[in-house]
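Note that my numbering has the sequence shown beginning at 21, numbered continuously upward.
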Amino acid sequence: YLIKKGDYILIKGNSGIGKTTFFNILSGLIKPKKGTISIDNSNIHENINAYWKILGYVPQNSYLMHGTLAWNITYKKNYTKKDIKLLKVIFEICELNKVTKNFKTLFENFIVTDAKHISGGQKQRIQIARILFKRPEIIIFDESFNAIDQSSELKILKSIKKYFKNITLVLSSHRPNKIKRLFNKTIVIK
């Protein structure tokens, strides 16, 4: 497959067909037995750490750690003005008001490791916010919206496209019909 910078790729395929395996190979977590994954003709496995710096991967299952919501997004305790500005944009994009009361409470509300009291959709919003804060060049979403309602999924993806220009996005979804118009390519895994 050829993926160009700025492409929005929708991955389709039946459940259990290998979409997650495809994403694990694409992200460098699994080394392919045949062929290579290359960026600008360079095999990602020749410098996997450099590749991971430009990659954001949101798996199906999210994981949260003990700390504030802000820390779970940024892994920081001290914030620059630029960090705060970016967090405010991400708060709006990910509709984090559905996780915490307002922007200020991001820095006040503590959660425990894997936070059982937070819903699956709320965890996914936090995980998406975490990846956006990293400002990657490539984002992979592996069923990362399956616990979020369809209208929110569409709104978040539209906002990512608006605020994070030139990003390359690869996504799989069990309900692609409402979002497929945002994508310029579709890859079917068989």
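Positions of the beta carbon are idealized from the N, C-alpha and C atoms, including for glycine. Predicted, not measured: the structure shown is a model, and the values here were computed from it.
query, result
"Local conformation of LYS32 per DSSP, three classes", "strand"
"Exposed unless 16 or more other CB atoms sit within 10 angstroms - verdict on LYS24", "exposed"
"The stretch 27-42 / the stretch 71-78 touching (three or more Cβ pairs under 8 Å)", "no"
"Proximity below 7 Å, CB of TYR71 to CB of PHE203", "no"
"Entirely enclosed alpha helix (DSSP H) segments - the stretch 51-79, minimum 4 residues", "68-74"
"Simplified DSSP assignment, three categories, for GLY140", "helix"
"Beta-bridge partners of LEU189, as assigned by DSSP", "TYR28, ILE159"
"Alpha-carbon to alpha-carbon, PHE43 and SER139", "24 Å"
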